[in-house]
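Taking it in order: structure first as structure tokens, then the write-up.
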Amino acid sequence: MDLRFVLGVLGGIITAFSVIPYVRDIMKKTTRPNSVSWSIWVLLLTISIFAQWSAGASWSIILLIGDLIGTSTIAALSFAGYGYGKYGRLEWTCLGLAILAIISWQITSQPIWAIVFAIIADALAAFPTLVKAFRDPRSEHPTMWLLISLGALLGIASTTIVNAANLLFPFYLFVINSTIGITTLVGRKK
Numbered sequence: 107m108d109l110r111f112v113l114g115v116l117g118g119i120i121t122a123f124s125v126i127p128y129v130r131d132i133m134k135k136t137t138r139p140n141s142v143s144w145s146i147w148v149l150l151l152t153i154s155i156f157a158q159w160s161a162g163a164s165w166s167i168i169l170l171i172g173d174l175i176g177t178s179t180i181a182a183l184s185f186a187g188y189g190y191g192k193y194g195r196l197e198w199t200c201l202g203l204a205i206l207a208i209i210s211w212q213i214t215s216q217p218i219w220a221i222v223f224a225i226i227a228d229a230l231a232a233f234p235t236l237v238k239a240f241r242d243p244r245s246e247h248p249t250m251w252l253l254i255s256l257g258a259l260l261g262i263a264s265t266t267i268v269n270a271a272n273l274l275f276p277f278y279l280f281v282i283n284s285t286i287g288i289t290t291l292v293g294r295k296k
């Protein structure tokens, strides 16, 4: 069996199931996900999956699929009454960048542009969570973020096509999720 395939599947599984501690906190009502942010993340992951597929996907796409499953689960819970939703300037900017990602991809026929705009929009959407994790580390569960980071590393290691389309989003997921996870973990220890 191909080791890279195994790493890709393992990364996808870890990422999909990384939401379990977060879902537990949602059910205990100690965490309330922002339905707008999580639905934007679902859209951005979907764009990135299709863009990576269009560019010639490698096993690293399994990471994104696993992340989409976990993110969709949290988005669904947030719409089922466990979250809150409020559109502000940031949410509209992220939605605009997601639309720009799709348009730029269609105009240029270059899926990498969709991935780049999706990363920019995702980073903007993640920034408030990072600030919240810094100010109130108990409001986030570090396990989920660190497990997604591990899944991202496995996704990076699983790629058989070394190019920006296959590595950019997994690398970004590693950086942003590690940052949020470590910020939360360090904050909780203080």
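The opening position of the sequence shown corresponds to residue 107 in this note's numbering, with each subsequent residue numbered one higher.
All C-beta atoms, glycine included, are put in the ideal place defined by N, C-alpha and C.
Computed from a prediction, not measured in an experiment: that's the story for all the values here.
- Are residue 121 and residue 147 touching if we call contact CB-CB under 8 Å? In the sequence shown, the residue the question calls residue 121 occupies position 15. In the sequence shown, the residue the question calls residue 147 occupies position 41. Cβ atoms of residue 121 and residue 147: not closer than 8 Å.
- Between which two residues does the alpha helix (DSSP H) harbouring residue 267 extend? Counting from 1 along the sequence shown, the entry for residue 267 is found at position 161. Premise fails: residue 267 is in no alpha helix (DSSP H) and is neither H nor E.
- Do you know offhand how far residue 135's Cα is from residue 128's? On the sequence shown, position 29 is the one that residue 135 refers to. On the sequence shown, position 22 is the one that residue 128 refers to. In this structure, the alpha-carbon of residue 135 lies about 10 Å from that of residue 128.
- Same chain, Cβ closer than 7 Å to residue 259, neighbours up to 5 away in sequence not counted: For this step, residue 259 is matched to residue 153 along the sequence shown. Excluding residues within five positions, the ones whose Cβ falls inside 7 Å are 280.
- Query: Under a CB-based cut-off of 8 Å, is residue 198 close to chain C?
  - Reply: Among the protein chains of the structure shown there is no chain C, as only one such chain exists.
- If you drop the 5 nearest sequence neighbours on each side, which residues of the same chain put their C-beta closer than 8 Å to that of residue 174? Counted from its first residue, the sequence shown places residue 174 at position 68. Taken in chain order, the residues that qualify are 148, 151, 152 and 155.
- Message: Give me the residue from 286, 271 and 265 with the minimum Cα distance to residue 117.
- Response: The sequence position of residue 117 within the sequence shown is 11, counting from 1. Among 286, 271 and 265, the Cα nearest to that of residue 117 is on 265.
- Item | Proximity winner among 237, 214, 179 and 144, relative to residue 126 (alpha-carbon distances) | The sequence position of residue 126 within the sequence shown is 20, counting from 1. The option with the nearest alpha carbon to residue 126 is 179.
- Since I believe residue 261 is in contact with residue 168 (beta carbons under 8 Å), could you give me their beta-carbon distance rounded to a whole number of angstroms? As a working mapping, residue 168 is identified with position 62 in the sequence shown. As a working mapping, residue 261 is identified with position 155 in the sequence shown. Correct: roughly 7 Å between the Cβ atoms.
- Item | Through-space distance from residue 215 to residue 244, alpha-carbon basis | Your numbering for residue 244 matches position 138 in the sequence shown. Your numbering for residue 215 matches position 109 in the sequence shown. If I take the Cα positions, the gap works out to 44 Å.
- Query: Roughly how many angstroms separate the alpha carbons of residue 137 and residue 232, rounded to a whole number?
  - Reply: Translated into the one-based positions of the sequence shown, residue 137 becomes position 31. Translated into the one-based positions of the sequence shown, residue 232 becomes position 126. Rounded to whole angstroms, residue 137 to residue 232 spans 16 Å at the Cα level.
- Query: What's the call for residue 270, buried or exposed, on a 16-neighbour Cβ count within 10 Å?
  - Reply: Start at 1 with the first residue of the sequence shown, and residue 270 comes out as number 164. By the 10 Å Cβ count, residue 270 comes out exposed.
- Item | Uninterrupted alpha helix (DSSP H) stretches inside the stretch 168–214 (no shorter than 4 residues) | Positions of the alpha helix (DSSP H) runs, each at least 4 residues long and wholly inside the stretch 168–214, are given as 195–214 in order along the chain.
- Query: Who are the near neighbours of residue 139 in its chain, counting only those whose CB is closer than 6 Å to its CB and skipping five residues on each side?
  - Reply: Walking along the sequence shown from the start, residue 139 turns up at place 33. So the qualifying residues of the chain are 180, 184 and 189.
- Message: The alpha helix (DSSP H) that contains residue 145, what's its start and end?
- Response: Here residue 145 corresponds to residue number 39 of the sequence shown, with the count starting at 1. Start and end: 141–162.
- Item | Nonlocal neighbours in the same chain, by C-beta distance under 7 Å from residue 201, ignoring five residues either side | Here residue 201 corresponds to residue number 95 of the sequence shown, with the count starting at 1. 146, listed in sequence order.
- Query: Which residue's Cα is closest to the Cα of residue 193: 241, 254 and 144?
  - Reply: In the sequence shown, residue 193 corresponds to position 87, counting from 1. Taking only the C-alpha atoms, the option nearest residue 193 is 144.
- Would you call the CB atoms of residue 291 and residue 248 closer than 8 Å? Taking the first residue of the sequence shown as 1, we reach residue 291 at position 185. Taking the first residue of the sequence shown as 1, we reach residue 248 at position 142. Contact flag set, yes.
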